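> Just so we're aligned, residue -10 is where the sequence shown starts under our numbering, counting upward by one. Ideal Cβ positions, reconstructed from N, Cα and C, are used throughout, including at glycine. All figures in this text were calculated on a predicted structure; none of them were measured in a lab.
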Amino acid sequence: MQLQKPVLVQEQRQKLSPQMIQSIRLMALPLPELKDEIQQEIEANPALEVLEDRSTVSLESFPEEREADSDAARIYENSSDPGYGRGRDPDDDSKRMFLEGAISRAETLQEHLLWQLRLQPVSERVREAAENLIQNLDDDGFHKEDPRLVCRDVPEDVFKSALALVRGFEPVGVCTSDYRESLIVQAELFPEAPPRTVEVLRDHIELLEKGKHEDIRKRLKLSESDLSAILAFIKTLNPFPGRQYSSSEPQYVIPDIQVRLKDGEFVIVLNDEEIPVLGINPFFDRLSAEKHDRTTDVFVKENIRRAKWFIQSIHQRNKTLLKATRAIVEFQRAFFTKGPKHLTPLTLKDIAGEVGVHETTISRLANRKYIQTDWGIFELKYFFTNSISGAGSSGSRFSKEGVKQVIKEIIENEARALSDRDIADQLARRGINLARRTVAKYRLELNMDSSFGRRRE
């Protein structure tokens, strides 16, 4: 997803508190990292405590009524589609699978960026230049070679468009020369950056690295509160944005959401078993109602305020995740009832409009969040895919992933080895127009051999 560049001068930017910045960051965290973040906050804030650690309770201790009584944990979608009639009751095995997750190959930085590129409505020249820039990135997200040399035959305006496009993808700050430029780009693109943050990073990075904050404040004539807001924001930035994708080890995936059919209805269940129930420490509650010296009062009230905001931020994350999943299910109901080949084109903007948030929020939610379905476990961003034109007066459109599943089905169901031209012809008969070389490209992405290779087998 490309982040929009700020159109207002820095002084007109909305000033977000450190708590609001924290809320935005929590939105992006997958379940394992959210658990770690909760643990760190509990250790740092004595006013915050665990009321109930659901992850340590056995599965059998949760009666079926718990699901039925929890509005936040499930959402029903009524439908008259006869395909919904095959709903089945969940059993202990499916619930255990949901909680235990599955092994998944770690996604590379290039794969994550190319996925976002496929969703962009840009010209072929910009797309090709962006692909070259992405393939030129190292594990930190920085250029291996001079990007202008990598795109030496590309006009300057196309190069600049491609560079800005990739820099705006998640993780923000890639496609830069080093960590300093990455931090500046992040501060330029995030609308929540406090005024003059870019100036601090661009002109006073040496003082920042040496911890000479007072020197920065005096040189820029900043108030203590303004400098504190800038420093708090900078701490949320990642100087090496690509590193989170550099691991080659398989990932242990814990689904954040489960979607299933029951009695002809969609049931969406949040995996809140992994998230402890948080509350305010009763001792701090009592202290807040009593009279103390000013230092104690400030300490108690500040920690209670932080704890309440943290709890609210987690609730907001889960609420938005549920709303986004509900919208995805509504758009992709053919997938959830009939399988992957029925995936339809869907953009981040579509879901953002339904949920009532910015596209960047949906992009953060979709990244590294997993959903368990009757057809397997999928990353949320799997459901966002560009479209391929279909034939006929209906003007139907098909998603790329859906077309790939059709190609896989054609190859597996044919007794003889089909050439890419044969496959293209079969697709055309189904109303899907694809060039032979595009068929070959999709076949390779499916790790399926050519007709020659299949004949040899």
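Ordered along the chain, which non-local residues of its own chain (more than five positions away) have a Cβ less than 6 Å from that of Asp128?
Taken in chain order, the residues that qualify are Gly231, Ser235.
> Would you call the CB atoms of Leu37 and Phe299 closer than 8 Å?
A contact, by the Cβ cut-off of 8 Å.
> Can you look up Leu435 in the DSSP assignment and give me helix, strand or coil?
Note: Leu435 maps to coil in three-state DSSP.
> For Glu120 and Glu390, I'd like the C-alpha separation in whole angstroms.
If you take the alpha carbons of Glu120 and Glu390, they lie about 19 Å apart.
> Since Leu106 contacts Arg114 with CB under 8 Å, what's their CB separation in whole angstroms?
The pair is not a contact, with the Cβ atoms about 13 Å apart (cut-off 8 Å).
> Pick out whichever of Met437, Asp167, Lys370 has its Cα sitting closest to the Cα of Ile400.
Nearest option by C-alpha distance: Met437.
> In terms of DSSP beta bridges, what is Thr374 paired with?
DSSP lists Leu335 as partners of Thr374.
> Quick check: the segment 163 to 183 against the segment 206 to 224, are there 3 or more CB pairs under 8 Å?
Yes, the segment 163 to 183 is in contact with the segment 206 to 224.
> For the segment 133 to 149 against the segment 248 to 267, are there 3 or more C-beta pairs whose distance is under 8 Å?
Taking 8 Å as the limit for Cβ pairs, the verdict is that the segment 248 to 267 does not touch the segment 133 to 149.
> Kindly list the residues whose CB is nearer than 8 Å to the CB of Ala341, restricted to its own chain and excluding five residues on each side of it in sequence; keep chain order.
Counting only Cβ-Cβ distances below 8 Å, and skipping sequence neighbours, we find His347, Glu348, Thr350, Ile351.
> Just to confirm before moving on: does the CB-CB distance between Asp245 and Leu435 stay below 8 Å?
Their beta carbons are not under 8 Å apart, which means Asp245 does not touch Leu435 by this criterion.
> Take Gly130 as the anchor and find which of Cys140, Gln109, Gln233 has the nearest alpha-carbon.
When only C-alpha atoms are compared, the closest one is Gln233.
> Nearest CA to the CA of Thr333: which residue from Thr374, Asn356, Thr314?
Of the listed residues, the one whose Cα sits closest to Thr333 is Thr374.
> I need the straight-line Cα distance from Arg426 to Asp409, nearest angstrom please.
Each residue's Cα considered, the two are about 8 Å apart.
> Could you work out which residue in Phe372, Ser212, Ala404 is closest to Asp339 when comparing CA atoms only?
It is Phe372.
> Is the segment 152 to 167 touching the segment 191 to 198, taking contact as three or more C-beta pairs under 8 Å?
Segments in contact, no.
> Whole angstroms are fine: how far does the CA of Ile412 sit from the CA of Ile257?
One C-alpha to the other measures close to 37 Å.
> Can you give the beta carbon distance from Gly162 to Ser150, rounded, assuming they're within the 8 Å contact cut?
In fact, because the Cβ distance is near 18 Å, the residues do not count as touching under 8 Å.
> How would you call Glu279, buried or exposed, if buried means at least 16 neighbouring beta carbons within 10 angstroms?
So Glu279 ends up on the exposed side.
> Using C-beta distances below 8 Å, list every residue in its chain close to Asp274, excluding the 5 sequence neighbours before and after it, in chain order.
Only Ile293 meet the Cβ criterion.
> For Trp364, I'd like the list of residues in its chain whose CB is within less than 7 Å of its CB, leaving aside the five on either flank, ordered along the chain.
Here the set comprises Gly328, Pro329.
> Closest to Phe325 by C-alpha separation, out of Lys290, Arg353, Thr362, would be which residue?
It is Thr362.
> For the alpha helix (DSSP H) holding Thr284, just list the boundary residues, first then last.
Residues 283 to 320.
> DSSP three-state label for His132, please.
Strand at His132.
> Please list the terminal residues of the continuous beta strand (DSSP E) segment that includes Gln233.
No beta strand (DSSP E) contains Gln233, which DSSP labels as neither H nor E.
> Relative to the alpha-carbon of Val428, which residue among Ile396, Ala406, Asn402 has its alpha-carbon at the smallest distance?
Nearest C-alpha to Val428: Ile396.
> Are the beta-carbon atoms belonging to Pro136 and Leu152 less than 8 Å from one another?
Against a cut-off of 8 Å, the Cβ pair of Leu152 and Pro136 comes out as a contact.
> Looking only at its chain, what residues have a beta carbon closer than 6 Å to the beta carbon of Lys312, apart from the 5 residues adjacent to it on each side?
Cβ within range, chain order: Val344.
> What are the boundary residues of the alpha helix (DSSP H) that Arg357 is part of?
Looking at the DSSP string, Arg357 is not in any alpha helix (DSSP H), and its letter there is neither H nor E.
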